[in-house]
Amino acid sequence: MINIKTQVGIIGAGPAGLVLANWLRKYGIASVIIELRSREYVEGRVRAGLVEQNTKDILKELRLDARMNKEGIVHDGVYLSFDEERIHIPFGELTGGRTISIYGQQEIVKDLTDAWLQEGGELHFETKATKIVDFDTKSPKIYFEKDGEEGIMECDFVAACDGFHGIGRKTLPKKSFQSYDITYPFSWLGILAHVAPSTDELIYAYHENGFALHSLRSEMVSRLYIQVDNDESVDNWSDDRIWSELSKRLATPGFELEEGPIFEKGITPMRSHMIDSLQSGRLFLSGDAAHIVPPTGGKGMNLAIADVKHLVDAFVDFYSNNSEAKMDSYTRIALQRIWRAQDFSNFMTKLFHKQDAHGSFTYRLQKAKFDYLKVSRAYKTTIAENYVGLPFESFEI
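Those letters in the sequence shown? Residues 2 to 398, per the numbering used here, in order.
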């Protein structure tokens, strides 16, 4: 039997769990992380690469932003297109200098893992959490298996940062929360290609054939997406067909899409999910364990790290002041940002995806919103504020 004792037991070595551990260490609060997958798998998972201002500020506070500052790409705006007409939303001008950066989530995970282990942090890869017990007492426990041996982690609190399929969400008492779900009637076919981006900032585009997005991973790797049916297969999409469709959907006068070798293809379903309680006793959830947003707004990782900020506030308040006030308000505070992110992600999804026939009532509502964006600074500001991430003080009421 493996026996571990710590103050905060963390399940999951993704961005949420790793930021939490590194941040707690800054305040002298001990934690141990267990992760189901191998280090190679966790650090190799290609995920979203949009880092909003709040996340950048947190990594700076933790002094873990050096490689992001060197290799990441700062974006001061975003392009929005509708029926081959394009406008620009200038983030910095509209939000007092707030921006986003393009830096892969897997790179953030590498940086956080290196920092945690180099300072002697305890992280157990390929370790399966099997059950969480006694979280309604002052001595919760996490049972786990590692290398065929059973173990138990005794802690003051459990932070479940282990995703939608993790044991954290499954352990939360079913009667303690309500679940909300939307499954959208389309998916994204995404590619990674060895070609320099054809744009200096992201492009979102509505087209009568469906949505398209031009993103990037680096100065020599482009990330692009197109809207497809939910039952679509990657096998139906040759490289030539993908580039042809992207060229059509991203087209505007004077714009040329550069093509290159595609080295990864995949289809991502679009859905929204959340539960309205992130805690029970001394069990706390963060990230995908509590909420999933469609990728249109780039909020997934950023929302998980925002959850962690509120958890850190709560744990520091407890250990410094013996107060549970911020723990008791964790769900309330976190839900304000989660609902805002859900609404923004839903708004961006519905604005730029084809939902009905070209010229239909739904289409004309979409077009009306885009036309208003062209002339309204206030509407542009709303997009910019939400895209770069609203400051934490906006919600702490």
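All C-beta atoms, glycine included, are put in the ideal place defined by N, C-alpha and C. Model, not experiment: these values are computed from the prediction.
Kindly indicate which three-state DSSP category residue i falls into: helix, strand or coil?
i	result
residue 137	coil
residue 229	strand
residue 79	strand
residue 123	strand
residue 342	helix
residue 224	strand
residue 326	helix
residue 217	strand
residue 396	coil
residue 187	strand
residue 355	coil
residue 200	coil
residue 366	helix
residue 254	coil
residue 173	coil
Between the C-alpha atoms of residue i and residue j, what's the straight-line distance to the nearest angstrom?
i	j	result
residue 109	residue 152	29 Å
residue 188	residue 258	22 Å
residue 150	residue 5	13 Å
residue 291	residue 164	8 Å
residue 361	residue 196	37 Å
residue 34	residue 343	28 Å
residue 220	residue 198	7 Å
residue 350	residue 233	19 Å
residue 370	residue 380	9 Å
residue 87	residue 215	13 Å
residue 121	residue 328	28 Å
residue 133	residue 278	17 Å
residue 260	residue 246	12 Å
residue 21	residue 238	40 Å
residue 126	residue 229	36 Å
residue 136	residue 123	22 Å
residue 250	residue 367	16 Å
residue 2	residue 131	14 Å
residue 186	residue 231	6 Å
residue 148	residue 161	21 Å
residue 241	residue 352	28 Å
residue 274	residue 338	14 Å
residue 317	residue 325	10 Å
residue 69	residue 53	12 Å
residue 16	residue 8	20 Å
residue 56	residue 306	7 Å
residue 444	residue 44	Residue numbering for the chain in the displayed model covers 2 to 398; residue 444 lies beyond these limits and cannot be assessed.
residue 37	residue 332	26 Å
residue 140	residue 155	7 Å
residue 252	residue 62	41 Å
residue 208	residue 128	46 Å
residue 90	residue 205	11 Å
residue 347	residue 388	13 Å
residue 283	residue 334	17 Å
residue 243	residue 226	9 Å
residue 194	residue 223	5 Å
Classify residue i as buried or exposed, calling it buried when 16 or more other Cβ atoms lie within 10 Å of its own Cβ.
i	result
residue 179	exposed
residue 1	Given a span of 2 to 398 for the chain in the structure shown, any question on residue 1 remains unanswerable.
residue 299	buried
residue 138	exposed
residue 376	exposed
residue 99	buried
residue 114	buried
residue 182	exposed
residue 67	exposed
residue 27	exposed
residue 71	exposed
residue 201	exposed
residue 285	buried
residue 311	buried
residue 107	buried
residue 280	buried
Considering only DSSP beta bridges, list what residue i is partnered with.
i	result
residue 147	128 and 150
residue 313	Beta-bridge pairing links residue 313 to no other residue.
residue 286	161
residue 155	6 and 142
residue 32	9
residue 266	192
residue 182	274
residue 279	Answer is none; residue 279 lacks a bridge partner.
residue 207	83
residue 91	78
residue 103	51 and 74
residue 293	274
When the cut-off is 8 Å and only beta carbons count, does residue i lie next to chain B?
i	result
residue 20	Chain labels in this structure do not include chain B; a single protein chain is all it has.
Runs of alpha helix (DSSP H) wholly within the stretch 35-66 (minimum 4 residues, chain order) = Segments of the alpha helix (DSSP H) lying fully in the stretch 35-66: 40-45 and 54-62.
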